[in-house]
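Note that the sequence shown covers residues -27 to -1, 1 to 382 in mature numbering (1 follows the signal peptide of the UniProt record, and there is no 0).
In what follows, a structure is listed as structure tokens, so that the remarks can point back to it.
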Amino acid sequence: MKVTKKRVLLTGAALTALALGLSGCSASSETPDAGSAKNTLTVWVDADRAPVLKEAAAEFEKSSGVHVKLVQKDFGSILDQFIAQVPSGKGPDITIGAHDWIGNFVQNGVIQPVELGDKAAGFEKIATDAVTYQGKTYAVPYSIENIALLRNTALAPTAPTSYDDMIATGKAAGSANPFLIQLGPQADPYHLYPFQSSFDNPVFGRNADGSYNADDLTIGNEGGTRFANWLAQQGKEGNLNISITADIAKEKFNSGESPFLITGPWNVPDAEKAGIKLAVDPIPSAGGAPAQPFVGVQGFFISSKTANPLAANEFLTNYLATEKVQTALFEKGGRAPALTASFNAAASNPIVKAFGDVGRNGVPMPSVPAMGKVWQFWGVTQAAIISGEGDPTALWTKMTADIAAAIKG
């Protein structure tokens, strides 16, 4: 939700007065002095981001008088712990997290909207779209992440113009695997989604404002049938193989066994260490429509139970939503910055720029709670189709019915 208003500068005295005037319990039982809880912001952050936030927290504390306590958490455990602890008042005031958690967060009533104000225009549109849910902005985004086509330029001097062109190039290079993509025993819908989208087969329809409509399960449309039959054919031809795991795909690419790997920026450093000369390209279309990867956005959320809502919003929007901090977070984690000024600076690196350009044409990962039911059936069905375990149309139709029933149930 874009709110146009002047930045509110909160002094230490003002924040303290505000905190004393707010009702509600302390946001974190981890605060050592219960008497000072309302003058403290407890922030959950993972180990990679903690050093950057430490400096921003010190600056905020000096300016406002409000202490910021950083509590390191394993990123994978934050979602469940936050939902479990916030209702009882034991959670933090602020947490780091992924945008596709928003639906569950809102459904459980554990976060509140963030007022970005005129700062919203300074972020990449894909980032603000991702953290917007039911017309409201629920996070300050800091990074954007997506997959693209990693190309070994020694084996493939030019980018493929289509999926068939990519296969032909891979075969001409003498590769047993014309291209590599991680699948595994339950396939990998995230990595396969660009191909699925190229068949005009999104998971959900969209509302007028661009948000996902969980009541419109478009995964079962005619494009889904075409995609399912394409999966079966690619499995039969050996282009898709569920024995190719993430590690195997990475190892084969870094050994020069294939010119192409569909992956994210997290695999770039090891490929470069292996001496692979890289280019990053858009994922080629298999179905005729653009191949759009899912885009994941990470950001910072404010607890619905914080005793310091204005202080929390001030810390996020005026200390973490800055070029200095967003650039530092990029330099630490390697994910493209969500703030446009920081992204433009990082884009001096052609790899970063290329991944970002692909991401700008991607789609946000659905954050609606119903997406959990999709994951439950999606990958296992794709794996069965690729492995030739039944009629692809029938398997896809059953998957769609199972997802619809699970959502209703």
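Every residue gets a Cβ at the ideal spot worked out from N, C-alpha and C, and that includes glycine.
Values in this document were obtained by computation on a predicted structure and should not be read as measured data.
Buried or exposed by the 16-neighbour rule on C-beta atoms within 10 Å, applied to residue i
| i | result |
| --- | --- |
| D102 | buried |
| L(-8) | Since pLDDT at L(-8) reaches only 33, below the 50 mark, its modelled position is unreliable, and the value read off the structure follows with that caveat. Result: exposed. |
| S231 | buried |
| G49 | exposed |
| D66 | buried |
| A31 | exposed |
| T126 | exposed |
| E287 | buried |
| L368 | buried |
| D161 | buried |
| G346 | Residue identity check: residue 346 is Lys in the sequence provided, not Gly. K346 should be labelled buried. |
| G82 | exposed |
| A57 | exposed |
| K46 | buried |
| G64 | buried |
| residue 466 | Since the first and last residues shown for the chain are -27 and 382, residue 466 lies out of range. |
| P282 | buried |
| G248 | exposed |
| G208 | buried |
| P24 | exposed |
| P323 | exposed |
| P167 | buried |
| A149 | exposed |
| A145 | exposed |
Which of helix, strand or coil DSSP assigns to residue i
| i | result |
| --- | --- |
| F172 | coil |
| T110 | strand |
| A378 | helix |
| V104 | coil |
| F288 | helix |
| T68 | strand |
| I51 | helix |
| I117 | strand |
| F233 | strand |
| P133 | coil |
| P86 | coil |
| V325 | helix |
| P337 | strand |
| P310 | strand |
| N125 | strand |
| S(-5) | Confidence is the limiting factor: at S(-5) the pLDDT is only 33, short of 50, which leaves the residue's position unreliable and the question unanswerable from this model. |
| Q355 | helix |
| G8 | Confidence is the limiting factor: at G8 the pLDDT is only 34, short of 50, which leaves the residue's position unreliable, though a coordinate-based value still follows. The answer is helix: DSSP assigns G8 an H, G or I state. |
| L153 | strand |
| Q159 | coil |
| K42 | strand |
Proximity of residue i and residue j at Cβ, strictly below 8 angstroms
| i | j | result |
| --- | --- | --- |
| V79 | V113 | no |
| Q159 | V353 | yes |
| A309 | V298 | no |
| G178 | P266 | no |
| A320 | F303 | no |
| T290 | K92 | yes |
| D254 | A132 | yes |
| A264 | S360 | no |
| I69 | D19 | yes |
| S277 | T300 | no |
| G269 | E118 | yes |
| T313 | E97 | yes |
| P257 | S135 | yes |
| A252 | R124 | yes |
| T198 | T366 | yes |
| G157 | I235 | no |
| Y115 | V104 | no |
| A244 | N227 | yes |
| residue 408 | I192 | Only positions -27 to 382 of the chain appear in the structure, and residue 408 is not among them; the question remains open. |
| G363 | A357 | yes |
| L190 | A311 | no |
| D182 | G108 | yes |
8 angstroms Cβ cutoff, residue i in contact with chain C
| i | result |
| --- | --- |
| Q265 | Structure shown: chain C not included; a single protein chain is present. |
For residue j and residue i, believed in contact at Cβ under 8 angstroms, the rounded distance
| i | j | result |
| --- | --- | --- |
| G237 | I120 | 5 angstroms |
| G196 | F172 | 4 angstroms |
| G211 | H72 | Not confirmed; about 36 angstroms, so no contact. |
| L43 | V16 | 5 angstroms |
| M338 | W351 | Actually they are not in contact, since the Cβ atoms of M338 and W351 sit about 13 angstroms apart, beyond 8 angstroms. |
| G143 | P130 | Their Cβ separation, rounded to whole angstroms, is 13 angstroms, which puts G143 and P130 out of contact at 8 angstroms. |
| G306 | R22 | 7 angstroms |
| Q349 | A379 | 6 angstroms |
| N240 | K225 | Rounded, the Cβ-Cβ distance is 12 angstroms, inconsistent with contact. |
| P342 | N77 | 6 angstroms |
| I84 | I275 | 6 angstroms |
Note down, one range per segment and in chain order, each beta strand (DSSP E) of at least 3 residues found wholly within the region 237 to 306. The DSSP assignment places complete beta strand (DSSP E) segments of no fewer than 3 residues inside the region 237 to 306 at 251 to 254, 267 to 276, in order along the chain.
Quick one: which unbroken alpha helix (DSSP H) runs of 4-plus residues sit fully inside the region 169 to 230? Chain order, please. Every alpha helix (DSSP H) of 4 residues or more that sits fully in the region 169 to 230 is shown, in chain order, as 195 to 210, 219 to 227.
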